[in-house]
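Novice: Below are the structure tokens for one structure; questions will follow.
There are 4 protein chains.
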Amino acid sequence: MAKGALKLAIIGGGSSYTPELVEGVLKRLDRLPVKEIHFVDVEAGKEKLDIIAHLAQRMIDKVGADIKLTASMDRKAAIAGADFVMTQFRVGGLQARANDERIPLKYDVIGQETTGPGGFAKALRTIPVILGICKDIEALAPNAWMLNFTNPAGLVTEAVQKYSKVKTIGLCNVPVSMTMMIAEMMACQSDELTLEYAGLNHLLWAHRAWLNGEDITAQVLEKVGDGANFSMKNIFEEPWEPEFLQALGAIPCPYHRYFYQTEAMLAEEKASAEQGGTRAEQVMVTEQELFELYQNPELDEKPEQLEQRGGAYYSDASLNLVDAIYNNRNTINVVNTRNNGTMHFLPDDAVIECSAVVGSAGARPIGVGKLGPAVTGLIHQVKAYEQLTVEAAVHGDYDSALMALVNNPLVPDITKAKAILDDILRTNYDYLPQFR
Amino acid sequence: MAKGALKLAIIGGGSSYTPELVEGVLKRLDRLPVKEIHFVDVEAGKEKLDIIAHLAQRMIDKVGADIKLTASMDRKAAIAGADFVMTQFRVGGLQARANDERIPLKYDVIGQETTGPGGFAKALRTIPVILGICKDIEALAPNAWMLNFTNPAGLVTEAVQKYSKVKTIGLCNVPVSMTMMIAEMMACQSDELTLEYAGLNHLLWAHRAWLNGEDITAQVLEKVGDGANFSMKNIFEEPWEPEFLQALGAIPCPYHRYFYQTEAMLAEEKASAEQGGTRAEQVMVTEQELFELYQNPELDEKPEQLEQRGGAYYSDASLNLVDAIYNNRNTINVVNTRNNGTMHFLPDDAVIECSAVVGSAGARPIGVGKLGPAVTGLIHQVKAYEQLTVEAAVHGDYDSALMALVNNPLVPDITKAKAILDDILRTNYDYLPQFR
Amino acid sequence: MAKGALKLAIIGGGSSYTPELVEGVLKRLDRLPVKEIHFVDVEAGKEKLDIIAHLAQRMIDKVGADIKLTASMDRKAAIAGADFVMTQFRVGGLQARANDERIPLKYDVIGQETTGPGGFAKALRTIPVILGICKDIEALAPNAWMLNFTNPAGLVTEAVQKYSKVKTIGLCNVPVSMTMMIAEMMACQSDELTLEYAGLNHLLWAHRAWLNGEDITAQVLEKVGDGANFSMKNIFEEPWEPEFLQALGAIPCPYHRYFYQTEAMLAEEKASAEQGGTRAEQVMVTEQELFELYQNPELDEKPEQLEQRGGAYYSDASLNLVDAIYNNRNTINVVNTRNNGTMHFLPDDAVIECSAVVGSAGARPIGVGKLGPAVTGLIHQVKAYEQLTVEAAVHGDYDSALMALVNNPLVPDITKAKAILDDILRTNYDYLPQFR
Amino acid sequence: MAKGALKLAIIGGGSSYTPELVEGVLKRLDRLPVKEIHFVDVEAGKEKLDIIAHLAQRMIDKVGADIKLTASMDRKAAIAGADFVMTQFRVGGLQARANDERIPLKYDVIGQETTGPGGFAKALRTIPVILGICKDIEALAPNAWMLNFTNPAGLVTEAVQKYSKVKTIGLCNVPVSMTMMIAEMMACQSDELTLEYAGLNHLLWAHRAWLNGEDITAQVLEKVGDGANFSMKNIFEEPWEPEFLQALGAIPCPYHRYFYQTEAMLAEEKASAEQGGTRAEQVMVTEQELFELYQNPELDEKPEQLEQRGGAYYSDASLNLVDAIYNNRNTINVVNTRNNGTMHFLPDDAVIECSAVVGSAGARPIGVGKLGPAVTGLIHQVKAYEQLTVEAAVHGDYDSALMALVNNPLVPDITKAKAILDDILRTNYDYLPQFR
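Residue numbers (full-length UniProt numbering), protein chains in the order written: chain A, 1 to 436; chain B, 1 to 436; chain C, 1 to 436; chain D, 1 to 436.
Structure (structure tokens):
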């Protein structure tokens with residue numbers, strides 16, 4: 001990567017999150033000599049893209065940064081010569097997400113955009129698009145790093161690792177949020193903590209936690225059981241049963257509620273869907289408000305309201321990765337990367353989420369030793385679902401798709417799996433050319 | 001093992017299945033020089049034991065075999081000097097089984113005596129007893145082989161492998177039944193088939209099937225999907241969906257219905273429980289009828305009605321093992337034995353069910369290569385449940401017990417897991433000293 | 001495979017061993033309906049091929065078997081429609097073998113045709129030829145089994161497994177010879193023994209031995225240490241040190257002498273080379289004598305003198321495999337086949353030598369559990385040499401070739417490795433087109 | 001570990017290296033609040049210990065540090081309440097080392113104090129002593145970290161991991177020296193490099209090297225082949241063959257010369273032994289000179305001559321570890337630690353040397369993915385030797401000892417292994433109570 005001048009390509013630049021990313025870049029100009037940012041989006045998102053681009057330009061102008069900003073529909077131009085390609089797009093937009101949430105509910109199954117059948121549907125739509133982006137990167141920016149935030153981030157990253165040559169790291173704001181919340185609970189700085197993270201995206205545990213060399217896992221679990229804040233904005237905060245946390249012996253991520261507290265989460269989702277609307281439907285409203293704000297020509301910084309949107313630490317997580325790679329910092333980040341034996345019971349080419357050392361050579365996972373049966377079975381079950389989903393998404397293979405849903409722990413049996421799958425394929429027909 | 005004179009100890013000799021076992025011994029006297037059989041049972045089973053002993057004596061007398069038959073409550077005497085110890089007892093009898101079936105149903109969860117929470121409860125009751133038997137074997141017959149049929153056979157065998165030095169093989173009549181049914185479908189002899197079996201007890205697949213070198217897996221799956229007989233007497237024969245079987249690509253065992261057709265099986269169980277009674281309650285009736293038959297002093301052979309009881313091939317499966325070990329036949333049997341790397345993603349000391357070569361050195365599993373994600377996730381999830389159950393049963397550890405049920409795929413979430421666990425511990429209080 | 005009519009293609013039909021193979025076929029006509037045998041050889045071996053063909057025809061005629069015998073240079077015709085292709089050719093003939101034995105001796109390194117640099121040179125010559133044969137099989141007899149006896153059998157089989165689709169099993173007469181010698185020592189029938197074989201070709205141990213269920217490993221080792229016959233005709237019988245055998249705790253194969261008794265074996269080889277000639281040079285004499293015998297028009301059976309040649313049980317080992325596959329016997333044979341996790345520390349696609357169940361679906365290895373450090377290091381070191389040799393042989397890659405020899409435990413260091421490699425490449429120039 | 005006051009116990013405090021360690025402590029007082037240092041040594045080393053203690057006191061006084069220094073024979077007092085126990089002792093002193101170097105040479109085998117039979121003898125002497133120290137730590141300072149520099153560091157650390165509960169990390173100055181030399185070659189800062197280290201102690205490769213994201217492995221190998229400085233003071237710098245380095249494709253450590261350039265290194269050792277004496281005999285002279293210097297009451301800093309002794313970066317490597325643990329820095333250090341699946345083909349409880357993240361929770365290895373056959377065989381062979389050596393050293397088991405040497409790649413065969421073993425046991429009789 002050339003020293004002294006960085007180009008970032010932002011795929012899905014019209015996202016409401018983008019101002020946070022711009023803010024993150026501007027805060028790090030001493031470390032990251034960003035000279036060019038290219039936002040790209042699809043035709044349907046043109047209006048949002050323009051709003052974002054104008055706001056971003058105002059933010060850049062405010063600090064007087066020497067950054068050339070471009071916004072266009074031209075993906076190839078965006079990617080050509082980029083050092084980092086950051087992907088945060090959403091195929092089908094929020095309406096597709098609303099479908100992902102509502103279809104499973106029809107069958108009394110959790111409807112969520114990243115886990116369960118909803119995440120499955122999103123993966124089917126997203127993977128062919130991301131592999132198209134990878135082809136462009138291979139041709140036009142073969143040394144670029146692709147940092148992927150598009151959900152389901154683990155699945156998407158696994159598809160990229162298996163079916164392209166692009167250097168990639170998948171990223172999520174869950175682990176950094178967990179770390180910050182644990183630091184808050186323990187009233188310490190986050191860098192005083194050592195957290196042994198390993199699992200899959202949105203199925204991540206901190207298996208052990210240390211504060212200054214002392215094992216505090218049990219203490220953290222007790223605090224979480226006592227109701228300490230340990231959730232994300234976009235997940236219903238069903239309280240954790242203290243006895244269960246003690247039996248588990250590892251710190252679950254907020255998304256684990258879908259797997260461990262299934263019936264309560266389902267009940268809440270169904271109530272929400274009937275009342276305020278699914279999460280996607282709520283976000284549509286928030287988004288509209290945000291874009292109204294963004295249009296204000298006086299606004300030249302990220303508005304506070306964005307934080308309500310749910311992507312806490314999103315910008316920090318992503319730009320810290322850029323910093324770690326560009327400056328070979330070899331810092332520890334929790335990322336989605338190739339397993340390579342870290343969890344010996346999963347294939348080497350599976351993508352896992354774990355603590356990794358990130359530097360100019362990419363992400364190298366930190367060993368976790370043998371994990372116990374309290375977690376290995378669930379990890380393997382979900383990874384099996386993910387492996388099958390990647391095959392289904394890439395090859396448009398119905399058998400793999402059916403077996404994927406059959407293996408998803410949130411889907412009770414094959415009858416429901418088949419019904420939901422057929423509904424997903426029907427509803428998403430326009431976005432699933434590989435199945436035609 | 002001394003050549004020329006074998007002693008068999010039958011723990012749970014008062015079982016209604018015992019006449020089939022006696023018949024099996026008498027059919028094999030040319031190969032197996034059985035000189036002594038000792039039935040042992042607990043006080044509560046004394047009456048049944050006597051009936052069985054008299055019938056068995058009449059069967060022996062009929063063929064004029066030179067076998068000394070003893071029936072007693074003296075387990076140590078039975079075990080002392082035995083060459084084979086065969087375990088087929090049921091702690092708590094059929095009433096405990098009925099509880100195992102009914103408790104989960106209260107929570108809308110599959111109630112079955114070998115899988116799900118029912119099998120879990122049975123394991124908690126059985127494992128301490130079997131480890132007591134192992135202590136006797138270690139002291140009084142250290143070279144004996146223990147052949148275990150007591151369900152859940154895989155879990156019980158794993159406990160024995162981990163917590164005793166007794167040489168053991170766990171056995172089930174499911175695989176031999178599957179083989180016979182496939183042979184019937186294909187209109188061939190069973191020894192013309194090669195079936196690549198691997199999984200866990202009651203979670204067993206034939207991953208590939210060959211007939212004279214030709215891969216017939218797809219053909220068998222098609223026949224099963226078309227309604228060919230592929231079930232066991234004691235399981236409701238919910239039909240298999242052909243599309244699912246094709247997607248699975250491996251031949252499931254009848255018990256897979258609990259995992260793959262959960263809602264239909266649950267509905268059937270609930271209906272049965274309300275109408276004819278649970279399976280245990282039905283068996284109580286059959287048993288009574290059988291024991292009435294057995295008491296007939298004219299009866300000197302296994303009555304045909306026993307076959308309705310559901311244990312087809314039970315005698316053949318067990319005595320073929322005795323034959324293979326005693327005569328070093330190195331035949332292929334499907335047994336429960338130490339994993340030892342056969343399924344690389346499971347611990348070496350996990351007990352699996354797979355095709356194995358059985359001879360005088362015991363059972364040695366046959367390699368299966370890499371299994372795919374259509375099955376690995378489920379196998380690992382269920383094995384995690386089993387590992388935790390063994391720890392719970394041996395140590396009376398509540399945390400392990402809770403995590404075991406949380407990991408059981410038939411239990412939807414932690415709320416139900418906890419409710420069911422507490423109910424099981426309460427209901428089985430007398431049989432679970434380790435939890436007091 | 002068609003029932004009722006088998007065709008065998010024998011590649012290298014002009015070998016002096018062929019009469020034994022023919023005898024083996026004629027002994028098994030009740031089980032193996034062989035209707036056609038096609039011997040094929042290269043131009044340079046035409047004279048020998050004719051002699052063998054005439055002798056074979058006389059043998060067939062003697063028993064009046066209904067077998068069509070063909071001998072030709074036409075490899076494609078031989079392979080077309082064959083059920084079994086048996087490979088026993090020698091690229092470069094005995095002269096090349098003599099070079100393999102003499103080159104290393106120049107550098108004070110073991111010169112042997114299957115292990116060490118000699119086996120390496122033979123692999124470089126053989127692998128391209130066998131892959132050519134495989135192409136013919138893929139095109140002309142895609143369902144045929146290739147049974148490979150060509151040394152180094154493990155290496156050659158690994159190349160076939162990795163670089164062709166042909167169904168193959170590699171075979172050696174060492175394990176069957178070990179079994180027969182152990183049976184002789186223990187004065188028992190070979191089928192009373194259970195021998196846990198695992199290792200690589202010519203680096204094979206019986207890790208444990210049982211006789212009727214009793215572990216006799218220590219007894220066998222004591223007898224071997226006391227001088228019981230435990231060698232092959234073609235290896236110098238350097239006596240084993242009893243203390244070493246006890247420390248090893250596993251029964252080594254005769255070829256282990258090269259690795260464990262290196263200096264004594266080297267000294268003997270050097271003395272032989274100066275006096276009677278290397279093994280190849282001695283065999284040239286034996287061969288000439290054999291072929292003189294074979295030409296005798298009165299001779300219509302395998303002459304006794306063939307047994308001096310060193311290939312004891314060669315015919316039985318190979319035709320028992322044909323029988324096991326054709327008749328789905330599922331017998332235990334020790335073969336070279338895909339590792340598939342049997343030795344977890346080796347790659348899945350490595351070819352190992354181990355006890356396997358052989359039937360119509362091919363060879364399935366029997367698990368051996370964890371092997372200890374007394375053997376794992378050596379196995380892995382030699383397998384690393386083999387992996388590199390396969391790459392070198394297939395791609396003509398000098399770097400892999402050099403690293404192969406560097407990793408061979410019989411080559412002391414890189415200086416010698418390079419000198420020997422360059423000598424081998426020079427001397428075998430005509431046979432190594434891939435390196436040009 | 002208490003914040004604000006650290007106690008260091010230095011076992012083998014009378015070592016000539018100790019002044020460097022003291023200097024390292026004094027340089028880091030801003031980060032490491034060392035308040036107490038306790039040197040301990042054995043009776044025979046009392047004189048040297050006194051000299052070192054006086055010098056250390058002068059060094060402390062010079063900078064006016066508030067550190068209480070104690071020197072005694074009282075190991076328990078030294079250990080009690082220590083935060084870090086640093087072990088750098090030498091059982092039998094330099095005379096024993098001279099024996100380790102000379103005994104193998106008698107048999108034409110490499111004589112070196114850390115690899116080959118010399119390192120083996122040192123392990124036999126050292127392991128019982130270190131396990132005694134561990135008992136003291138378990139009793140008197142259970143939270144202390146033991147940082148072990150005593151050679152053979154990998155073997156000693158493995159014994160501690162397997163046979164004690166002490167938290168330990170093994171350390172060597174080879175990797176840091178390699179990094180510094182590579183930085184010098186590439187004219188860059190060491191923190192610009194990413195070096196993927198993995199192997200065993202003194203058998204360590206940098207498998208890949210990156211400079212600012214660019215793979216520079218081939219460049220480094222070319223420079224090493226061209227004669228760039230890449231050796232340690234205490235190893236003869238036999239030049240590397242460029243063709244070999246290219247074929248290897250990984251950067252070897254200086255000690256690899258013993259394995260890859262065996263005959264040249266042996267020749268050099270034999271010449272040295274006859275002329276200037278073995279390395280130990282040369283060091284005896286250097287040591288005497290150093291201790292004369294140390295006695296100079298004017299001297300109040302580490303004298304430059306110490307650097308000739310061969311322990312470059314020794315102090316930095318060790319105190320950077322103390323810093324990383326005490327201050328939870330999570331920096332990357334190359335250490336000896338539990339494998340835990342990092343190299344999947346080695347047991348989980350093997351100790352390996354690799355890049356690891358070191359913080360207050362100890363060392364966590366960084367994944368290396370699959371290593372290729374160019375290195376895996378040798379690593380496994382040497383680790384097998386090490387596993388057997390640990391067993392031999394702990395249990396005084398002759399069989400394990402013999403198999404250890406048989407598996408050491410520097411020992412040509414069992415005849416030599418046995419001769420050398422018997423010589424070692426005889427010569428070291430006083431130091432090997434476990435073998436009596």
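We treat Cβ as the ideally placed atom computed from N, Cα and C, and that holds for glycine.
Residues of chain C with CB under 7 Å from B/S360, in chain order?
Specialist: Here residue 360 of chain B corresponds to residue number 360 of the second sequence, with the count starting at 1. Residues of chain C passing the Cβ test: T194, W210, N212 and G213.
Novice: Tell me the residue span of the alpha helix (DSSP H) that contains A/F291.
Specialist: Indexing the first sequence from 1 puts residue 291 of chain A at position 291. Per DSSP, A/F291 belongs to the alpha helix (DSSP H) from R279 to Q295.
Novice: Could you work out which residues of chain D lie near C/P412, taking near to mean beta carbons separated by less than 7 Å?
Specialist: Taking the first residue of the third sequence as position 1, residue 412 of chain C is located at position 412. Per Cβ cutoff of 7 Å: T262 and E263.
Novice: Are at least three pairs of beta-carbons, each pair with one atom in the segment 384-396 of chain A and one in the segment 205-222 of chain B, less than 8 Å apart?
Specialist: Contact between the segment 384-396 of chain A and the segment 205-222 of chain B is absent, because fewer than three Cβ pairs lie under 8 Å.
Novice: Measuring only the C-alpha atoms, how far is D/L124 from D/L432?
Specialist: Here residue 124 of chain D refers to the residue found at position 124 of the fourth sequence. Here residue 432 of chain D refers to the residue found at position 432 of the fourth sequence. Their Cα atoms are separated by approximately 7 Å.
Novice: Taking only runs that begin and end inside the segment 320-367 of chain C, name each unbroken beta strand (DSSP E) of 3 or more residues, in chain order.
Specialist: Listed in chain order, they are 331-338, 351-359 and 362-365.
Novice: Would you list, in sequence order, the uninterrupted beta strand (DSSP E) runs of no fewer than 3 residues that lie entirely inside the segment 44-88 of chain B?
Specialist: You should have 68-72 and 84-87.
Novice: At 7 Å on the CB atoms, spell out the chain C contacts of B/H344, in chain order.
Specialist: Here residue 344 of chain B is taken as the residue at index 344 of the second sequence, counted from 1. Near B/H344 (Cβ distances below 7 Å), the residues of chain C are G341 and H344.
Novice: According to DSSP, simplified to helix, strand and coil, what is D/L221?
Specialist: Translated into positions along the fourth sequence, residue 221 of chain D becomes position 221. Looking at D/L221 - three-state DSSP - the assignment turns out to be helix.
Novice: A/L32 and A/D323: beta carbons closer than 8 Å?
Specialist: For the purposes of this step, residue 32 of chain A is taken as the residue at position 32 of the first sequence. For the purposes of this step, residue 323 of chain A is taken as the residue at position 323 of the first sequence. Going by C-beta atoms, A/L32 is nearer than 8 Å to A/D323.
Novice: How many whole angstroms separate the CB atoms of B/G119 and B/E101, which I take to be in contact at a CB cut-off of 8 Å?
Specialist: Residue mapping note: residue 119 of chain B aligns to position 119 of the second sequence, counting from 1. Residue mapping note: residue 101 of chain B aligns to position 101 of the second sequence, counting from 1. With a Cβ gap of about 10 Å, B/G119 and B/E101 do not count as contacting.
Novice: With DSSP collapsed to three states, give me the class of C/R97.
Specialist: To locate residue 97 of chain C, count along the third sequence from 1; it is residue 97. The answer is helix: DSSP assigns C/R97 an H, G or I state.
Novice: Does the separation of the CB atoms of D/V34 and D/L8 fall below 8 Å?
Specialist: Stepping through the fourth sequence from its first residue, residue 34 of chain D is reached at position 34. Stepping through the fourth sequence from its first residue, residue 8 of chain D is reached at position 8. Result yes, Cβ atoms of D/V34 and D/L8 sit closer than 8 Å.
Novice: Between the C-alpha atoms of C/E386 and C/L155, what's the straight-line distance to the nearest angstrom?
Specialist: One-based indexing of the third sequence puts residue 386 of chain C at position 386. One-based indexing of the third sequence puts residue 155 of chain C at position 155. Cα-Cα distance, rounded: 6 Å.
Novice: Does the contact criterion of 3 or more C-beta pairs under 8 Å hold for the segment 132-149 of chain D versus the segment 96-110 of chain D?
Specialist: No contact exists between the segment 132-149 of chain D and the segment 96-110 of chain D.
Novice: If you follow the beta strand (DSSP E) that C/A209 is in, where does it begin and where does it stop?
Specialist: As a first step, residue 209 of chain C must be located in the third sequence, where it is residue number 209. First-last of the beta strand (DSSP E) with C/A209: L203 to L211.
Novice: Give a yes or no on whether the C-beta atoms belonging to C/L410 and C/T115 are separated by under 8 Å.
Specialist: Working through the third sequence from its first residue, we reach residue 410 of chain C at position 410. Working through the third sequence from its first residue, we reach residue 115 of chain C at position 115. Cβ distance < 8 Å, so C/L410 and C/T115 count as in contact.
Novice: Distance, Cα to Cα, B/A350 vs B/P152?
Specialist: Against the second sequence, residue 350 of chain B aligns to sequence position 350. Against the second sequence, residue 152 of chain B aligns to sequence position 152. Those two C-alpha atoms are separated by around 14 Å.
Novice: Sorted by chain position, which residues of the same chain lie with C-beta nearer than 8 Å to C/L299's C-beta, five sequence neighbours on each side aside?
Specialist: For the purposes of this step, residue 299 of chain C is taken as residue 299 along the third sequence, with counting starting at 1. Same-chain partners within the cutoff: L55, R58 and L293.
Novice: List, in chain order, every chain D residue whose beta-carbon is nearer than 7 Å to that of C/Q246.
Specialist: Within the third sequence, numbered from 1, the residue matching residue 246 of chain C stands at position 246. By Cβ distance, chain D contributes D399.
Novice: Which of the residues in the segment 370-386 of chain B, read from start to end, lie with their CB under 9 Å from any CB of chain A?
Specialist: Under the 9 Å Cβ criterion, the segment 370-386 of chain B contributes K370, G372, P373, A374, V375, T376, G377, L378, I379, H380, Q381, V382, K383, A384, Y385 and E386.
Novice: Taking all protein chains shown into account, do 16 or more other C-beta atoms lie within 10 angstroms of the C-beta of A/G276, making it buried, or fewer, making it exposed?
Specialist: Numbered from its first residue, the first sequence carries residue 276 of chain A at position 276. The residue in question, A/G276, is exposed, as its Cβ has fewer than 16 Cβ neighbours within 10 Å.
Novice: Hey, out of C/H344, C/Q381, C/A401 and C/S360, whose CA is closest to B/G369's CA?
Specialist: Sequence index remark: in the second sequence, residue 369 of chain B carries index 369 (1-based). Per the Cα distances, C/H344.
Novice: Whole angstroms are fine: how far does the CA of B/M284 sit from the CA of A/K162?
Specialist: Working through the first sequence from its first residue, we reach residue 162 of chain A at position 162. Working through the second sequence from its first residue, we reach residue 284 of chain B at position 284. In a straight line, the C-alpha of A/K162 is about 56 Å away from that of B/M284.
Novice: From B/N330, B/M265 and B/N148, pick the residue whose C-alpha is nearest to that of B/G111; which is it?
Specialist: As a working note, residue 111 of chain B is residue 111 in the second sequence. The shortest Cα separation from B/G111 among B/N330, B/M265 and B/N148 belongs to B/M265.
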